[in-house]
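A.B. asks: I'd like to ask some things about the structure below.
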Amino acid sequence: MSNHLEDLTAEWLEYNGYFVRKSVLVGKRPKGGFEGELDVVGLHPQTRHLIHIECSLDADTWDRREERFTAKFERGRRYIASLFNGLDIDTDPDQVALLQFGGGTRTELGGARIIWVSDFMSDMLALLRTRSPDKRAVPSTLPLLRSIQLAAQPPKARKSAGCLIPEQSPETL
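Take a look at the structure:
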């Protein structure tokens, strides 16, 4: 089952032309169950870019993360080709650890490149700010991304504006 960060990541890839799978169970065991799950896997049909993203909102130590993400990305490299049997693609995926928390100068985790959630959000906002919902609305099938597009637009001057909940005002929120 996916969380909101995985859903948003999948929507962003889909919006940018990728075929996307979320929460992909891999490594079926003979006695039942699976070795693990890949959070988000995307394939761009024109560029053939294959990307595997593991999303995390944890605040674990770097040592604990290294152990966990190394296993996740190794599983990805081992099983991702089987997700695309019959397609002529390079099955060596671009792997990304999408992290909310952390610090320092680290650029890799578990053999994958690190992207910070704040940078990911900033990139999305920068693009969506230039795409008016009036003329280039994000499809309604991508509700998280569409909400971000609406939030990215500058407010319009109006004679009167108000709060959805009358007892609240921007000053009291």
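Its first residue numbered 1370, the sequence shown is counted upward by one per residue in the working numbering. C-beta: ideal position from N, C-alpha, C; glycine also. Source: prediction; values computed, not measured.
Using 8 angstroms as the threshold, is the C-beta distance between Ala1428 and Phe1470 below it?
C.D. replies: Their beta carbons are under 8 angstroms apart, which means Ala1428 touches Phe1470 by this criterion.
A.B. asks: Just the Cα atoms here: how many angstroms apart are Tyr1384 and Met1490?
C.D. replies: Their Cα atoms are separated by approximately 14 angstroms.
A.B. asks: Round the Cβ separation of Val1316 and Val1409 to the nearest angstrom and send it over; I've been treating them as touching at under 8 angstroms.
C.D. replies: With the chain covering 1370 to 1542 only, the question about residue 1316 has no answer from this structure.
A.B. asks: When the Cα atoms are used, what is the spatial distance from Ala1526 to Trp1485?
C.D. replies: Cα-Cα distance, rounded: 34 angstroms.
A.B. asks: Where does the unbroken alpha helix (DSSP H) through Gln1551 begin, and where does it stop?
C.D. replies: With the chain covering 1370 to 1542 only, the question about residue 1551 has no answer from this structure.
A.B. asks: Which first and last residues belong to the beta strand (DSSP E) in which Leu1407 is found?
C.D. replies: Segment Phe1403 to Leu1412, the beta strand (DSSP E) holding Leu1407.
A.B. asks: Phe1388 lies in the beta strand (DSSP E); which residues open and close that run?
C.D. replies: Taken as a continuous stretch (DSSP letters only), the beta strand (DSSP E) holding Phe1388 covers Phe1388 to Lys1397.
A.B. asks: For the putative contact between Leu1419 and Ile1449, defined by C-beta atoms under 8 angstroms, what is the C-beta separation to the nearest angstrom?
C.D. replies: About 7 angstroms; that satisfies the 8 angstroms criterion.
A.B. asks: What did DSSP end up calling Ala1440 once you bin it into helix, strand or coil?
C.D. replies: In this structure, Ala1440 counts as helix in the three-state DSSP scheme.
A.B. asks: Between Gly1479, Leu1478, Arg1515 and Thr1476, which has its C-alpha nearest Leu1494's C-alpha?
C.D. replies: Cα-wise, what sits closest to Leu1494 is Arg1515.
A.B. asks: Roughly how many angstroms separate the alpha carbons of Asp1457 and Pro1535, rounded to a whole number?
C.D. replies: Cα-Cα distance, rounded: 57 angstroms.
A.B. asks: Taking 8 angstroms as the threshold, find out whether the region 1496 to 1506 comes into contact with the region 1463 to 1481 through three or more Cβ pairs.
C.D. replies: Short answer: they don't touch.
A.B. asks: I need the straight-line Cα distance from Arg1446 to Pro1462, nearest angstrom please.
C.D. replies: C-alpha separation (whole angstroms): 7 angstroms.
A.B. asks: Hey, out of His1373, Gly1479, Ser1451 and His1413, whose CA is closest to Arg1431's CA?
C.D. replies: At residue 1431 the sequence reads Trp, which differs from the Arg that was named. Trp1431 has its Cα closest to that of Gly1479, out of His1373, Gly1479, Ser1451 and His1413.
A.B. asks: Kindly indicate which residue of Gly1402, Leu1533, Pro1508 and Pro1502 has the alpha-carbon position closest to the one of Ala1520.
C.D. replies: The shortest C-alpha separation from Ala1520 is found at Pro1502.
A.B. asks: Which same chain residues, not among the five before or five after Gly1405, have their C-beta less than 7 angstroms away from its C-beta?
C.D. replies: Counting only Cβ-Cβ distances below 7 angstroms, and skipping sequence neighbours, we find Val1395, Gly1396, Lys1441 and Arg1444.
A.B. asks: Mind checking who Trp1485 pairs with in its DSSP beta bridge?
C.D. replies: DSSP, once it has assigned bridges, lists Leu1468 as partnering Trp1485.
A.B. asks: Below 8 angstroms on the Cβ atoms is my guess for Val1393 versus Leu1452; work out the distance and round it to an integer in Å.
C.D. replies: Indeed they touch by this definition, with Cβ atoms about 7 angstroms apart.
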